[in-house]
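Numbering (the numbering used here), first residue to last: 373 to 623.
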């Protein structure tokens, strides 16, 4: 091989090396850019959670409900019902971020009996359900919905952290045998007419969006206890029945 051929090969090798190095640098830069974007997104979401938690702390620390019948004990708002204290949580009255009761044992036992009776009656309802969610779990869930659908849309069907009934340990979402939220018409009607026998109300009724702040949810049950019968038969939302505010957040 002559000197010219060797020089040509060396030149080609140098060019290939430069191209490879350039490609590696571009790939490294791209990875760094992606990592930076993910990091910035995570930092923003963390900041949003912190801001939301501080907002609730500020809101609940004053503990001055606009509805005079409501009381606040440092953890949650409540109203004196006909038979017992009724916990209230909606878009006006949040729970403390530190309130972490887990599932209420009485409510859970009543729910399991309700599900068993529905299954016996032939309804396609699963033994699985969605119950208690901590403040942090709700924060992650809500943020996922915001990322997907935007804040305005998410607020119609998902509670912001601290404002979810699921954090109270008294709310349950029913699931059908296909793994979907329970929306089947006959099953929904059964719940409207029979859930109160187990101490539950269908919390978010059709036509009550202005008072509850949420779209109708035939699957969402809230444990009340003995007074569930009066509330269900009134046809009113929980807010309407007790004459308390709801509907929208106070920014």
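Here a beta-carbon is modelled for each residue, glycine too, at the ideal position from N, C-alpha and C. Since this is a predicted model, take the numbers as computed values, not measurements.
Per DSSP, reduced to three states, the secondary structure at residue 536 is coil, with no helix or strand assignment. For residue 497, the pairing in a beta bridge is given by DSSP as 548.
Taken in chain order, the unbroken stretches of beta strand (DSSP E) that lie wholly in the region 544-601 and span 3 residues or more are 572-576, 589-595. Around the CB of residue 553, fewer than 16 other CB atoms lie within 10 Å, so the residue is classed as exposed.
Of the residues assessed, residue 464 falls on the buried side of the cut-off, its CB having 16 or more other CB atoms within 10 angstroms. Secondary structure at residue 606: helix, using DSSP grouped into helix, strand and coil. Sixteen is the threshold: since fewer than 16 other Cβ atoms of the shown chains lie within 10 Å of the Cβ of residue 606, the residue is exposed. The C-beta of residue 595 has 16 or more other C-beta atoms within 10 Å across all chains shown, which makes the residue buried. Residue 487: member of the alpha helix (DSSP H) spanning 477-492, first to last residue. Following the DSSP letters along the chain, one finds residue 525 in no beta strand (DSSP E) but inside the alpha helix (DSSP H) bounded by residues 523-529. Here residue 457 carries a strand assignment [DSSP, helix/strand/coil]. Its chain contains 451 as the residues whose beta carbon lies nearer than 6 Å to that of residue 441, once the 5 sequence neighbours on both sides are disregarded; these appear in chain order. In this structure, the alpha-carbon of residue 544 lies about 12 Å from that of residue 571. Just so you know, the alpha carbons of residue 558 and residue 485 end up roughly 19 Å apart.
Rounded to the nearest angstrom, the gap between the Cα atoms of residue 533 and residue 507 is 6 Å. Collapsing the DSSP output to three states places residue 442 in a strand. Out of 622, 621, 603, the CA that lies nearest to the CA of residue 614 is found in 603.
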